[in-house]
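Residue 133 in numbering that gives the first Met the number 0 sits at position 134 of the sequence shown; the count goes up by one each step and never skips.
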Amino acid sequence: MTSDTLFTPLTGGCKCGKVRFRMEVAPIITHCCHCRSCQKVSGSAFRTNAMIETDHLTILEGEPLRLQGAGGQKEVQCPACGSALWAHQPKLGEAIAIVSVGMLDHGERLPPEAHYFTRSKHPWVTLPPDLPAFEEMGYPAKAAAGARIKAALAATGPGPSMDAGVVDAQVRGG
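Structure below.
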């Protein structure tokens, strides 16, 4: 992850350009998600996502559509072209946005730091040995990542099945 002190905000938007947004700070973590939902939304084997506090995501143009997705996930899309811009996982609530890196103007600046939901990855996908991989949602043991998630949850309240104690345990690898 890029240090916030060196991070230049990243802009992004949908395919048709009607919705534009900006990530104001470096993401908590950038990861490749192999869950079935991300496979379907991306039309590929996985989706690369940047996890960020929703408070640090600014809508610049347009008004995205918020839809209830499968499994309680909330999807944020362009109402005109249907581009999936970001999502809110039920375990994290709306405090954390999971931004589709492919929707960023310069997503190449955010290489993945981990792979999530590898239990449902396609068998022909080879994971790099130098990145952490989790069968489900996980958090690499980075104190800063855990602290940011806990602070966002404390400010807005956790999702229905996640609290700061669970984040602590997952950051420690428990």
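The beta carbon of each residue, even a glycine, is placed where N, CA and C say it ideally should be. This structure is a prediction, so every number in the text was calculated from the model and none was measured.
- Query: When DSSP labels each residue in this structure, what does GLN72 get in the three-state scheme?
  - Reply: Coil, per DSSP.
- What are the start and end residues of the beta strand (DSSP E) that includes VAL98? Start and end: 95-99.
- Excluding the 5 residues preceding and the 5 following ARG65 in the sequence, name in chain order all residues of the same chain whose CB lies nearer than 7 Å to its CB. Only LYS73 and VAL75 meet the Cβ criterion.
- At which residues does the beta strand (DSSP E) containing CYS210 begin and terminate? The requested residue 210 does not occur in the structure, where the chain is confined to residues 0 to 173.
- Task: Tell me, please, which residues DSSP counts as bridged to MET136.
- Result: When DSSP reads this structure, MET136 sits in no beta bridge, so it has no partner.
- Message: According to DSSP, simplified to helix, strand and coil, what is HIS105?
- Response: HIS105: coil per DSSP, three-state reduction.
- Item | Nonlocal neighbours in the same chain, by C-beta distance under 6 Å from MET161, ignoring five residues either side | Only weak support exists for where MET161 lies, its pLDDT of 43 falling under 50; the value from the coordinates is given anyway. Result list for MET161: LYS90 and LEU91, in chain order.
- Item | Any 3 or more C-beta pairs closer than 8 Å across the segment 95-104 and the segment 41-52 | The answer is yes - the segment 41-52 touches the segment 95-104, with three or more Cβ pairs under 8 Å.
- Message: What does the Cβ neighbour count give for PRO122, buried or exposed, with the cut at 16 atoms within 10 Å?
- Response: By the C-beta density criterion, PRO122 is exposed, having fewer than 16 other C-beta atoms within 10 angstroms.
- Item | Assigned exposure category for LEU5 - 16 Cβ within 10 Å defines buried | Sixteen is the threshold: since fewer than 16 other Cβ atoms of the shown chains lie within 10 Å of the Cβ of LEU5, the residue is exposed.
- Item | Cross-strand partners of HIS121 (DSSP beta bridge) | According to DSSP, which records beta bridges pairwise, HIS121 is partnered with nothing at all.
- Exposure label - HIS105; buried when at least 16 CB within 10 Å: Result: exposed.
- Query: the ligand SAM heavy atoms versus the CB of HIS33: any closer than 7 Å?
  - Reply: Looking for the ligand SAM in the displayed structure turns up nothing, as the structure carries no ligands at all.
- Query: Three-state secondary structure (DSSP) at THR53?
  - Reply: It is helical.
- Measure the alpha-carbon distance for CYS32 versus THR117 and round it to whole angstroms. Rounded to whole angstroms, the separation of the alpha carbons of THR117 and CYS32 is 8 Å.
- Neighbourhood of PRO26 by C-beta distance below 6 Å, restricted to the same chain and skipping five residues each side: If we look at PRO26 and ignore the five residues flanking it on each side, its Cβ neighbours are ALA49, MET50 and ILE51.
- For CYS34, collect the residues of the same chain with a Cβ closer than 8 Å to its Cβ; drop the 5 residues on either side in sequence, then sort them by chain order. So the list reads TYR115, PHE116 and SER119, once near-sequence residues are dropped.
- What number of angstroms, rounded off, separates the C-alpha of PHE133 from the C-alpha of GLY42? Approximately 21 Å between the Cα atoms of the pair.
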